[in-house]
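Participant: Positions 18 to 317 (our numbering) are the ones given, in order, by the sequence shown. Even for Gly, the Cβ is constructed at its ideal location relative to N, Cα and C.
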Amino acid sequence: MPPVRVEPECVPCIYRTRALEVAASRLPSDDKIAAMRLFTEFYSLLLAPGAATTVLAWRAFSKVKELLGDEDPYKAFKEESHRAALPLMEEVRRAAERRVGFDKLRFLVKASVAANLLDPGSPMGLEPAVLIDAIERVKFGRDELDSFFLLLLQSSKVAYVLDNCGEALFDLLVLEELRRMGLELLIIARGKPYQNDITFEEALAAGFDKLGRLVSSGSDFPGVVPGFSSEEAVRAVAEADLVVSKGMANFESFLLSPPPKPTFVVLVAKCAPIARAVGVKPGEAAAFFLRGAPSSRDLL
Numbered sequence: 018m019p020p021v022r023v024e025p026e027c028v029p030c031i032y033r034t035r036a037l038e039v040a041a042s043r044l045p046s047d048d049k050i051a052a053m054r055l056f057t058e059f060y061s062l063l064l065a066p067g068a069a070t071t072v073l074a075w076r077a078f079s080k081v082k083e084l085l086g087d088e089d090p091y092k093a094f095k096e097e098s099h100r101a102a103l104p105l106m107e108e109v110r111r112a113a114e115r116r117v118g119f120d121k122l123r124f125l126v127k128a129s130v131a132a133n134l135l136d137p138g139s140p141m142g143l144e145p146a147v148l149i150d151a152i153e154r155v156k157f158g159r160d161e162l163d164s165f166f167l168l169l170l171q172s173s174k175v176a177y178v179l180d181n182c183g184e185a186l187f188d189l190l191v192l193e194e195l196r197r198m199g200l201e202l203l204i205i206a207r208g209k210p211y212q213n214d215i216t217f218e219e220a221l222a223a224g225f226d227k228l229g230r231l232v233s234s235g236s237d238f239p240g241v242v243p244g245f246s247s248e249e250a251v252r253a254v255a256e257a258d259l260v261v262s263k264g265m266a267n268f269e270s271f272l273l274s275p276p277p278k279p280t281f282v283v284l285v286a287k288c289a290p291i292a293r294a295v296g297v298k299p300g301e302a303a304a305f306f307l308r309g310a311p312s313s314r315d316l317l
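Written as structure tokens, this is what we have:
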């Protein structure tokens, strides 16, 4: 699967996201306009055919942080996402306990997918029943979870790359189940803030270190890639029997530098370019292996 390169529709999408970050900041109105002008000039210089979308988005976000003088523009949003997710997490845990084996793991993975769309400002934010219903309705446009489960049974060490902050609490439930299956866990979080992704410090506060070895990516780059990420994170991905990649940015980054071991991707294709790359419709969830599902012979 080739890396996702910038397409014409990516340009306004990334720009709009970054401009809205400036607009939502605490800068005075005139300073926001000045920051947008400087960002627009910077962004225009980044654009080039063949550029990797994840690198473009990362460099643009780094510039926004610089212009705002704010290392973590999503801090308040992440805190609210975490608060909204906590009661939902317990409801999902109780619902999962009524299931066993593959059915339980599948339910928890679907919960982490549904939580990917968690928005503190939406009705889902405080209504557990809404999320449970959303979990039941999750349909995968590409579904290789059965092969994933079989490969888990043959593995001893799993590297799990976390995505956004509210969703991560539901990843915690998945990780609890993987640990119950006897797997050694290497859990990778962003070393520094990138959008609303969970950082190492936030993951530590949430208790991820109690389930396995918590690893910092060492930077705000949205993924684990040699040269952009810490040596510890790169080693963790290399030494695992199986890698789990959550979210679009981690997926795009792994396409730039695919791990040597089987890599299982779980995401919601929120835009047409990613949907085309994955082979699903925009808005659909997908759970698949980066290099294709292992053959039945490999799983025996």
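1. Might you give, ordered along the chain, the residues of its own chain that have their beta carbon closer than 7 Å to the beta carbon of glycine 158, omitting 5 neighbours on each side?
2. Note the first and the last residue of the continuous alpha helix (DSSP H) segment covering arginine 308.
3. Looking at C-alpha atoms only, which residue of Ala40, Ala113, Ala128, Ala65 is the closest neighbour of arginine 54?
4. Does the beta-carbon distance from alanine 257 to serine 234 come in below 8 Å?
5. Using the Cα positions of leucine 228 and histidine 99, report the straight-line distance between them to the nearest angstrom.
6. For glycine 138, which residues of its own chain have a beta-carbon under 8 Å away from its beta-carbon, when the five flanking residues on both sides are left out?
7. Alpha carbon to alpha carbon, how far is leucine 63 from alanine 102?
8. Going by alpha carbons, who is nearest to valine 282 out of Gly244, Ser262, Glu153?
9. Going by DSSP, what residue range makes up the alpha helix (DSSP H) through valine 232?
10. Could you spell out the range, first to last residue, of the alpha helix (DSSP H) harbouring phenylalanine 94?
11. For glutamate 38, which residues from the same chain have a beta carbon less than 6 Å from its beta carbon, with the 5 sequence-adjacent residues on both sides left out?
12. Under the three-state reduction of DSSP, which class applies to valine 69: helix, strand or coil?
13. Going straight from the alpha carbon of glutamate 88 to that of valine 23, what length do you get?
14. Given this structure, state the Cα-to-Cα distance separating serine 313 from arginine 33, to the nearest angstrom.
15. Report yes if the C-beta distance between arginine 207 and leucine 162 is below 8 Å; otherwise report no.
16. Please state the DSSP three-state secondary structure of glycine 158.
17. Would you be able to state if there are at least three C-beta pairs under 8 Å between the segment 267 to 276 and the segment 235 to 242?
18. Flag this pair as yes or no: are the beta carbons of leucine 189 and phenylalanine 217 separated by less than 8 Å?
19. Compute the distance between the beta-carbons of leucine 148 and leucine 85, then report whether it is under 8 Å.
Facilitator: This is what the structure gives:
1. Val297, Lys298, Glu301, Ala302, Ala303
2. Taken as a continuous stretch (DSSP letters only), arginine 308 belongs to no alpha helix (DSSP H), as it is neither H nor E.
3. Ala40
4. no
5. Looking at the two C-alpha atoms, the distance is approximately 19 Å.
6. Legend: pLDDT at glycine 138 = 42, less than 50; position of this residue unreliable, value from coordinates given subsequently. Around glycine 138: no qualifying Cβ.
7. 36 Å
8. Ser262
9. Secondary structure note for valine 232: it is in no alpha helix (DSSP H), and the uninterrupted beta strand (DSSP E) holding it is 230 to 233.
10. 92 to 113
11. Val81, Pro90
12. The amino acid occupying residue 69 in the given sequence is alanine; valine does not appear at that position. Looking at alanine 69 - three-state DSSP - the assignment turns out to be strand.
13. 26 Å
14. Legend: pLDDT at serine 313 = 49, less than 50; position of this residue unreliable, no value from coordinates given.
15. Arginine 207 places its beta carbon 8 Å or farther from that of leucine 162.
16. strand
17. At 8 Å Cβ cutoff, the stretches touch.
18. no
19. Taking 8 Å as the Cβ cut-off, leucine 148 and leucine 85 do not qualify as a contacting pair.
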